[in-house]
Amino acid sequence: MKNLILKASFLSLLALAIWSCERDDICAEATATTPNLIIRFYDINNQDEFKSVRQLTVRGLDDFGVPGNEITLPSVSPDSIALPLRFANEDIETITRFQLEKDSDFATNGNDTNDSNIDVIEVRYTPEFVYVSRACGFKSIFNFGNTGGVSIDPDGDNWIINTDIINQTIDNENAAQVIIFH
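Take the sequence shown: its position 139, counted from the start at 1, is 161 in my numbering, and no numbers get skipped.
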């Protein structure tokens, strides 16, 4: 009888342990989360042609215009870049500013005859939070809407000539949302 009670107790505990297990809540790497802003660079003279930017360096700017850490780019002379956007509150227009430095290797070469050229772009958008899953939580998508857009701070020596928004919503990284002509 004592042996039977021990076996029944053991089986009950084992069944309870198995039934109380739940699957791990881990967000799969393939799950789409908050996307970056994708910018493609085009030739101003031939607007159907991609044009890489020689020795491009990109830094985010804080609210006071102070450059932060350099954003890692896939190559030193890319024809497209992916930039992270800031978000804090849903449905409130947000501004993220970036410093794009063309020919950045010239800034430190000690030669006064050629220099790098820094332009600042300002991206205005409205974040929206979208539920993905229990494991992943929420992701942000960004809308340019009526008041959003991308502008260039004029400095008298801009290498960026013009910008164009081709997708009003930033909800994935499969296609560019903004074109920069230079």
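Note that the Cβ used here is the ideal one computed from N, Cα and C, for glycine as well.
Per-residue DSSP class, three states only, for residue i
i    : result
L95  : coil
N165 : strand
S102 : strand
D141 : strand
I117 : strand
S74  : coil
Buried or exposed (CB count within 10 angstroms, at least 16 for buried), residue i
i    : result
E51  : exposed
Y153 : exposed
T148 : buried
Q121 : buried
L26  : exposed
I143 : buried
F166 : buried
V172 : buried
V200 : buried
F164 : buried
Cβ pair residue i, residue j closer than 8 Å
i    : j    : result
N139 : K161 : no
N194 : P57  : yes
D141 : I182 : yes
E112 : E150 : yes
S206 : D101 : Since the first and last residues shown for the chain are 23 and 204, residue 206 lies out of range.
I174 : N180 : yes
L78  : I192 : no
I12  : H204 : With the chain running from 23 to 204 in the structure shown, residue 12 is simply not present.
One or two residues paired with residue i in a DSSP bridge
i    : result
D186 : I201
P149 : F164
I48  : Paired residues: none, contrary to the question.
E123 : T79, I140
L59  : L105
S155 : G159
S173 : E144
T191 : N165
Anticipated Cβ contact below 8 Å, residue i with residue j, distance rounded
i    : j    : result
R76  : N91  : Rounded, the Cβ-Cβ distance is 22 Å, inconsistent with contact.
L83  : R108 : Contact flag wrong, Cβ pair sits at about 11 Å.
I61  : L105 : 7 Å
Y72  : I202 : Sequence check: residue 72 is Phe here, not Tyr. Incorrect: roughly 11 Å between the Cβ atoms, too far for contact.
I117 : V98  : Not a contact, Cβ separation roughly 28 Å.
A198 : C49  : Not really, about 26 Å apart at Cβ, beyond 8 Å.
beta-carbon residue i near the ligand FAD non-hydrogen atom, thresh 7 Å
i    : result
D137 : Ligands are entirely absent from the displayed structure, and the ligand FAD is therefore not among its contents.
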